[in-house]
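Protein chains: 2
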Amino acid sequence: MVKTYVDKVIGDLYVLRVDDEETKYFESLWYIPEGITYNAYLLIGDKVVLFDGWKSRYSDLLINELSKVIDPKDIDYIVVHHMEQDHSGSLPKVLKANEFRAMVLGHPMVRGMVESFYGIKPKFRVVKDGDVLDLGKYSLRFAYTPWLHWPETIVTYIKELSTLISCDVFGGYSIPKALYDNELTSDELSKYLDYARKYVITVVGHYKDYIVKGIEKLRSLNVDIKVIAPAHGLLWRGSPEVIVSKYVEWARGVPKDRKVTVIYDSMYGYVEEAIKVVIEELSKLGIDVKVYAFTENSRPAIGDVLSDVTDSSSLIIGVSTYEGEAFPEIVRMANLIAMKAAFSKPVAIITAYGWGGMATKQITDILTKAGYEVIKTIEFKGKPDEQTIRELRGLAKELVS
Amino acid sequence: MVKTYVDKVIGDLYVLRVDDEETKYFESLWYIPEGITYNAYLLIGDKVVLFDGWKSRYSDLLINELSKVIDPKDIDYIVVHHMEQDHSGSLPKVLKANEFRAMVLGHPMVRGMVESFYGIKPKFRVVKDGDVLDLGKYSLRFAYTPWLHWPETIVTYIKELSTLISCDVFGGYSIPKALYDNELTSDELSKYLDYARKYVITVVGHYKDYIVKGIEKLRSLNVDIKVIAPAHGLLWRGSPEVIVSKYVEWARGVPKDRKVTVIYDSMYGYVEEAIKVVIEELSKLGIDVKVYAFTENSRPAIGDVLSDVTDSSSLIIGVSTYEGEAFPEIVRMANLIAMKAAFSKPVAIITAYGWGGMATKQITDILTKAGYEVIKTIEFKGKPDEQTIRELRGLAKELVS
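From first to last, the protein sequence lines are chains G and R.
43 is the number that this note's numbering gives to position 44 of the first sequence; each next residue is one higher, with no gaps.
91 is the number that this note's numbering gives to position 92 of the second sequence; each next residue is one higher, with no gaps.
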């Protein structure tokens, strides 16, 4: 049974949320056992405006929920903030239920995308960056927020409600047990913020500089934001400034004090043996160590790794030599870090080899190009010997000094 | 309870097999729910010779099994064909039980590797390519088989038994219910050969040209081979020529008639929609189609994909555009194909995009460099339109004509 919510957020603004516990890999990439929600919004003033929608498979459910509040035929405008299918998938069925009366509003690219994605041609009006649409009781102010998360992405500010409908930005993974930030305990909120960090780095990490730009742009509008209403996860009507400042921190990769993420493979236990020495030393120093091991019996979720990289103060990569090169899973992980979490953090690389190879250089090249600073490399043949063990013990202190 | 076997193979040659159902990812890379066996061999003539061993965690078990046949102290020689730890891991404990009396025989590189892997310095004698060690009743003829699967790898031919102890070559994944090829039904044997194909392409695929060279070398020795005794999987004493010819076919990527492997991701269902059109047409033509989909809810094992690529007549790659580039899981898969299964087979690439991108070129570049011939590319924006559907229908015929 799919769970849905309709609730009045503020004034005449409703949230329509559906909980997706079915999707195993978001974007077919990120493992999300925690699930995700899709949040659409409905504003009932002198005109009826629907903002975004749900994933295609929940279209009928959305129409059902909408019908509890209004007749879908009465929707005057549908604002498409972002064409990705988890928001726009319900558009064809909603428009059908609406008998295609509504005017679709969006970035100029949206018109063509609606046609190529769904084979429909609804009434469409372009909104320009900064446009204000006066609808009597309420007015909608649109802002372009390119690459948050596609080039056509926009957000809407409703002045009369001091509310920002922010689409992907300020969203998060997971299915919060409440709709609003101020209905969670601080532990629950802290857990949610972990999911939000994972969301932002996996989905928008590649465009993270645009997060900072987008937020600067919103701030430059000098508008009062009391409520942030994103398309995934929690709505913020208690402390919206929390999610804004967190988003800036994550986009910048601001490290938590004394958090180190360790990523390694181990084919025969040698890299693991070396890594355990470092972890032991880090733990003695009171460091929060997150460990991701690719071994015979373990395979971490790539999104979890990226999420912990984001707020780490430094990284340790342990890598085996495989056919003369770096172990493929570590190459893959390094490439994902370069793609999604390209920060300037210090990295140490610990490499095991059997007869030779290029593993250290390969990982160094990928991470250095992405902005990381490789401050130490330790290589050893076969099992780490005593000299190597001493170096490994020293590494912990170097990393956190 | 770990299952072990000791059995007389031929003359005074024993096999010692252990079934590993614990390792989830072989080489920490290849998902093997089918398991794997480690086969060591023991020859009791005028001298006692142990060939290879088991993985370290099964050392005590191996000593236990050995003790059923001989006193470990009586082992005169230990032939190390290959230093990888699934064969050599038991060496330290076996040598200890042997009180370090045995002479270790191996490629010149083995001496240093034994020390760096295990911190021990047993008695060691280098064997040269072509050396024959006369042990009275039996003689051992050694042949270097570099890169099958490491540079130090050798095999042993026992003339008096017409038996080749072949280490990784001629091995396979899975835990066969019998020890020997001629004790399986033809269905079981056919299933085993699928696992052997997966084994060879995942583990030795990068060095596949050396398989052909190695087999040519063995043939040039003009020796009679009645029994092939590999380090993993089935022993061949019924029809050893079967596994030899299969290994040559797989190393060369010889296609089965009318088998096509389809690999695709689908983020929003569009690529899947396109792929299904092609699959439908291929099926109408009686083609055996293997399909691997990276979607919201499915994640194929990379080793299975490589295995089916090996004996396919052509490939179809369906790829989404992700952040302007090819979907990461398909890039990863293409790179693995280039690394492990670099054949000259025809490929068609089907690409979906939302607003633009380089996905087709990216996948084309990776596969072309590896030897594949991209014979057709089809790109479409959003959902495949009628013109695209027609092209897709035509593709099936082009691929198998």
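Ideal Cβ positions, reconstructed from N, Cα and C, are used throughout, including at glycine.
All values reported here derive from a predicted model rather than from experimental measurement.
Proximity test, Cβ basis, 8 Å: residue i and chain R
i: L249(G); result: Inspection of the sequence shows that residue 249(G) is occupied by Trp rather than by Leu. Output row for W249(G): interface = no.
i: G381(G); result: yes
i: W29(G); result: no
i: F169(G); result: no
i: M108(G); result: yes
i: Q361(G); result: no
i: F116(G); result: yes
i: D310(G); result: no
i: E33(G); result: no
i: P327(G); result: yes
i: M102(G); result: no
i: P121(G); result: no
i: P91(G); result: no
i: P150(G); result: yes
Residue span of the beta strand (DSSP E) that contains residue i, given as start and end
i: M102(R); result: M102 to G105
i: Y37(G); result: I35 to I43
i: K245(R); result: Here K245(R) belongs to no beta strand (DSSP E); instead the alpha helix (DSSP H) covers P239 to R251.
i: P71(G); result: Looking at the DSSP string, P71(G) is not in any beta strand (DSSP E), and its letter there is neither H nor E.
i: A228(R); result: V226 to P229
i: Y156(G); result: I153 to I157
i: D264(R); result: K258 to D264
i: L49(R); result: V47 to F50
i: K289(R); result: D287 to F293
Anticipated Cβ contact below 8 Å, residue i with residue j, distance rounded
i: T363(G); j: I348(G); result: 6 Å
i: R110(R); j: K72(R); result: The Cβ separation is near 23 Å, so there is no contact.
i: M108(G); j: K122(G); result: In fact, because the Cβ distance is near 17 Å, the residues do not count as touching under 8 Å.
i: S400(G); j: E372(G); result: Between E372(G) and S400(G) the Cβ distance is about 14 Å, and since that is not below 8 Å, they are no contact.
i: E328(R); j: M357(R); result: No, E328(R) and M357(R) are not in contact; Cβ-Cβ is about 16 Å, not under 8 Å.
i: I77(R); j: L49(R); result: 5 Å
i: S173(R); j: G370(R); result: Incorrect: roughly 29 Å between the Cβ atoms, too far for contact.
i: L217(G); j: A142(G); result: 7 Å
i: S313(G); j: V346(G); result: 7 Å
i: E295(R); j: K23(G); result: 6 Å
i: K255(R); j: D310(R); result: 5 Å
i: K289(G); j: S115(R); result: The Cβ separation is near 30 Å, so there is no contact.
Short CB-CB distance (under 8 Å) between residue i and chain G
i: T387(R); result: no
i: T22(R); result: yes
i: T294(R); result: yes
i: E322(R); result: yes
i: H81(R); result: no
i: F205(R); result: Note that residue 205(R) corresponds to His in the displayed sequence, not to Phe. Yes - at least one Cβ of chain G is within 8 Å of the one on H205(R).
i: W354(R); result: yes
i: P406(R); result: Lying before the first or after the last residue shown, residue 406(R) is absent from chain R, which here runs from 0 to 400.
i: M112(R); result: yes
i: R331(R); result: yes
i: P145(R); result: no
Where the alpha helix (DSSP H) through residue i begins and ends
i: S58(G); result: S58 to V68
i: K380(R); result: Where K380(R) is concerned, there is no enclosing alpha helix (DSSP H), although the beta strand (DSSP E) it sits in stretches over E372 to K380.
i: K95(G); result: L90 to A96
i: I200(R); result: S185 to V203
i: Y269(R); result: Y269 to K283
i: I388(R); result: E385 to V399
i: S165(G); result: Careful: S165(G) lies outside any alpha helix (DSSP H), inside the beta strand (DSSP E) at T162 to C166.
Within chain C, the residues that residue i reaches when beta carbons sit closer than 7 Å
i: E26(G); result: Chain labels in this structure do not include chain C; the protein chains are G and R.
*Examine the Cβ distances between the segment 229-244 of chain G and the segment 256-264 of chain G and report whether three or more of them are shorter than 8 Å.*
No, the segment 229-244 of chain G is not in contact with the segment 256-264 of chain G.
*Can you find at least 3 beta carbon pairs, one from the segment 220-232 of chain R and one from the segment 3-21 of chain R, that sit closer than 8 Å?*
yes
*Whole runs of the beta strand (DSSP E) within the segment 115-148 of chain R, excluding any shorter than 3 residues*: 122-125, 131-133 and 138-143
*Does the count of Cβ pairs from the segment 128-138 of chain R and the segment 196-215 of chain R closer than 8 Å reach three?*
no
*Does the segment 16-30 of chain R touch the segment 47-62 of chain R, meaning 3 or more C-beta pairs lie closer than 8 Å?*
yes
*Where in the segment 9-33 of chain R do unbroken runs of the beta strand (DSSP E), each at least 3 residues long, occur, reported from the N-terminal end onward?*
12-19
*May I ask you to verify whether the segment 300-309 of chain G touches the segment 279-286 of chain G, counting CB pairs closer than 8 Å and requiring at least 3?*
no
*Touch test, the segment 205-223 of chain G against the segment 161-176 of chain G, Cβ-Cβ under 8 Å, three pairs minimum*: The count of Cβ pairs closer than 8 Å, one atom from the segment 205-223 of chain G and one from the segment 161-176 of chain G, reaches three, so the stretches are in contact.
*Whole alpha helix (DSSP H) runs in the segment 310-379 of chain R with 4 or more residues, listed along the chain?*
327-339 and 358-368
*Do the segment 182-201 of chain R and the segment 314-323 of chain R meet, that is, are 3 or more Cβ pairs less than 8 Å apart?*
Below 8 Å, too few C-beta pairs join the segment 182-201 of chain R and the segment 314-323 of chain R to call them touching: fewer than three.
*Using 8 Å as the threshold, is the segment 84-91 of chain R in touch with the segment 153-162 of chain R, meaning 3 or more CB pairs across them?*
no
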